[in-house]
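Student: When you read off a place in the sequence shown, starting at 1, and then add 14, the result is the number in the working numbering. Below is a structure I'd like to ask you about.
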Amino acid sequence: MVLNVPFGDMKVHYRAIQKEIDEAVQRVIASGYYILGPELETFEKQFAQFLGANYVVGCASGTEAIYLALAAFGVGPGDEVLVVAHTAVPTISAISMTGAEPVFVDIDPKSYVMDVNKVTAKLSAKTKAIVPVHLYGQMVDMEPLLALAKSKGIPVLEDVAQATGATYKSKQAGTMAECGAFSFYPSKNLGAFGDGGAVCTNSKEIYEQLLMLRNYGQSKRYYHDQIGINSRLDEIQAAILAAQLPFLSGWNKRRHEIAQKYTQGLKDLVITPHEEAGRNHVYHLYVIQNNDREGLQKYLADQGIGTLIHYPVPAHLQKAYSYRGYKAGDLPVTEEMTQRILSLPMYPELTDAQVDYVIEQVRNFHLQNPQAQLVCSSSERASNMALQSR
Ligand SMILES: Cc1ncc(COP(=O)(O)O)c(C=O)c1O
């Protein structure tokens, strides 16, 4: 029997919390206050408290959260920003919006995030910021990265779009560096019912900059101290986010439980995600690697299971960034991963029956196609990739 397991399902998500969402939306509509009002203030306070950060500034998207934080650092034309190419391209778009240039660092083959050992080689006199991306829901190795950045006097911005609620030695993602940028795109671990984003910081100075930059650069109404933009989190979205915040930790726990089921069920046939010690992975995405990703994707689609590739083309090889002059082979670990990765359905509303069905179908494919199987220990994989990158 074919069971339908879509890659994502926002309607199921809405139905699970319909009462809270409907109440929040109705309250805002009836209030007559839609931009920069009490709902946003409440959400910013509650989210700051959840994170353990001094300040949160809501804005219109994750892309603009990254842009606003970099602008608050003073990043602009002529500057370079270190970042990975294995990310959602909006991370890079936001760097470009400041006028600065992205400089790409390869990833670690086990955790799939920035390889902190490869940062020093990419630093230059022009480096004005470093943007570690906590991809798929697991944080970058922040302590050595922050120590290096501090020694060079370079500010760090965490891209937390895929890792809301993740931790590193009990510290919330976004709170370890000068700023953290969040996306509330609907499918994110904490998602709006539309676009939304936020920046968190512990610095009063950066906080005050951010308040101006998101609101046309105004210090007070009609007095523009900075060249700003319009990037505000609507009252409706703020109310929807505040209504969902109490559920976030439970949802992240359920994501982790689903991930453990997948890993137990599949680790003898495919490469499953590696969880670094001391870091709590919140599984925005559950990504496996095998030797026939297209074959598996088609087989699963025929069985009613939705999958996606995050991401098929790394940023340094995208047409939009060809002007930077990168070529195939420049980031070997990123490029190798890109050929093999496939994201399975991952959201808290998945039922155990759906998860078991996905495991069963992924197993069926690999048992019928043994050449597609790919298993080796993480350390073997790391040393294979190190050899290839020479
Ligand atoms: C890692 C990462 N950074 C940045 C973004 C941009 O966020 P948004 O879509 O809210 O602009 C996303 C989401 O697409 C993302 O996954």
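Positions of the beta carbon are idealized from the N, C-alpha and C atoms, including for glycine. The structure displayed is predicted, hence computed values, not measured ones.
For the segment 40-110, list the alpha helix (DSSP H) runs that are entirely contained and at least 4 residues long, ordered along the chain.
Tutor: 52-65, 76-87, all fully within the segment 40-110.
Student: Would the segment 301-317 and the segment 77-91 be scored as touching if the rule is three or more Cβ pairs under 8 Å?
Tutor: no
Student: Please report how far the alpha carbon of L283 lies from the alpha carbon of V372, in whole angstroms.
Tutor: As a first step, residue 283 must be located in the sequence shown, where it is residue number 269. As a first step, residue 372 must be located in the sequence shown, where it is residue number 358. Near 14 Å, if we compare the C-alpha coordinates of V372 and L283.
Student: For M24 and K33, I'd like the C-alpha separation in whole angstroms.
Tutor: Counted from its first residue, the sequence shown places residue 24 at position 10. Counted from its first residue, the sequence shown places residue 33 at position 19. Within the model, the alpha-carbon separation for M24 versus K33 is close to 15 Å.
Student: Do you know how far the Cα of P384 is from the Cα of L255?
Tutor: Taking the first residue of the sequence shown as 1, we reach residue 255 at position 241. Taking the first residue of the sequence shown as 1, we reach residue 384 at position 370. Their backbone Cα atoms lie some 45 Å apart in a straight line.
Student: Touch check for the segment 179-194 and the segment 324-341: three-plus C-beta pairs under 8 Å?
Tutor: no
Student: Please report the residue range of the alpha helix (DSSP H) in which F118 lies.
Tutor: Position 104 of the sequence shown, counted from the first residue, corresponds to residue 118. It is not in any alpha helix (DSSP H) - F118 instead sits in the beta strand (DSSP E) that spans 115-119.
Student: With DSSP as the reference, identify every bridge partner of M128, one or two as the case may be.
Tutor: By one-based count along the sequence shown, residue 128 stands at place 114. The partner list for M128 (beta bridge, DSSP) reads I121.
Student: Please report the distance separating the alpha-carbon of S107 from that of A30.
Tutor: Working through the sequence shown from its first residue, we reach residue 107 at position 93. Working through the sequence shown from its first residue, we reach residue 30 at position 16. Taking the straight line joining both Cα atoms gives about 34 Å.
Student: Would you kindly check if the distance between the Cβ of E363 and the Cβ of V19 is under 7 Å?
Tutor: To locate residue 19, count along the sequence shown from 1; it is residue 5. To locate residue 363, count along the sequence shown from 1; it is residue 349. Not a contact, by the Cβ cut-off of 7 Å.
Student: How should I49 be labelled, buried or exposed, when 16 other C-beta atoms within 10 angstroms of its C-beta is the threshold for buried?
Tutor: What you label residue 49 is simply residue 35 of the sequence shown in a count that begins at 1. Classification of I49: exposed, given that the 10 Å Cβ count is below 16.
Student: Can you say whether E349 is buried or exposed, counting buried as having 16 or more other CB atoms within 10 angstroms of its CB?
Tutor: Here the question's residue 349 lines up with position 335 in the sequence shown. Classification of E349: buried, given that the 10 Å Cβ count is 16 or more.
Student: Could you tell me which whole alpha helix (DSSP H) segments of length 4 or greater appear in the segment 338-398?
Tutor: Uninterrupted alpha helix (DSSP H) stretches at least 4 residues long and entirely within the segment 338-398 occur at 346-354, 366-382, given in chain order.
Student: Quick one: is the Cβ of S184 within less than 6 Å of any heavy atom of ligand 1?
Tutor: On the sequence shown, residue 184 is found 170 positions in, with the first residue counted as 1. The nearest non-hydrogen atom of ligand 1 is 6 Å or more from the C-beta of S184.
Student: Within a Cβ cutoff of 6 Å, which residues of the same chain sit near G279, ignoring the five residues on either side of it in sequence?
Tutor: To locate residue 279, count along the sequence shown from 1; it is residue 265. Only I373 meet the Cβ criterion.
Student: Can you tell me whether D173 sits near ligand 1, meaning its C-beta is under 6 Å from at least one heavy atom of the ligand?
Tutor: Within the sequence shown, numbered from 1, the residue matching residue 173 stands at position 159. Taking 6 Å as the cut-off, the C-beta of D173 counts as close to a heavy atom of ligand 1.
Student: Using only the alpha-carbon positions, how far apart do H288 and A257 sit?
Tutor: Reading the sequence shown from its first residue, position 274 is the one you call residue 288. Reading the sequence shown from its first residue, position 243 is the one you call residue 257. Straight-line spacing of the CA atoms in H288 and A257 works out to 32 Å.
Student: C73 and G211: beta carbons closer than 7 Å?
Tutor: Walking along the sequence shown from the start, residue 73 turns up at place 59. Walking along the sequence shown from the start, residue 211 turns up at place 197. Yes.
Student: Taking just the CA atoms, how far does V39 sit from K124?
Tutor: Here residue 124 corresponds to residue number 110 of the sequence shown, with the count starting at 1. Here residue 39 corresponds to residue number 25 of the sequence shown, with the count starting at 1. Rounded to whole angstroms, K124 to V39 spans 42 Å at the Cα level.
Student: Given this structure, state the Cα-to-Cα distance separating G309 from P326, to the nearest angstrom.
Tutor: To locate residue 309, count along the sequence shown from 1; it is residue 295. To locate residue 326, count along the sequence shown from 1; it is residue 312. Each residue's Cα considered, the two are about 15 Å apart.
Student: Taking Cβ positions, are Y182 and R293 nearer each other than 7 Å?
Tutor: Here residue 182 corresponds to residue number 168 of the sequence shown, with the count starting at 1. Here residue 293 corresponds to residue number 279 of the sequence shown, with the count starting at 1. In this structure, R293 lies closer than 7 Å to Y182 by Cβ.
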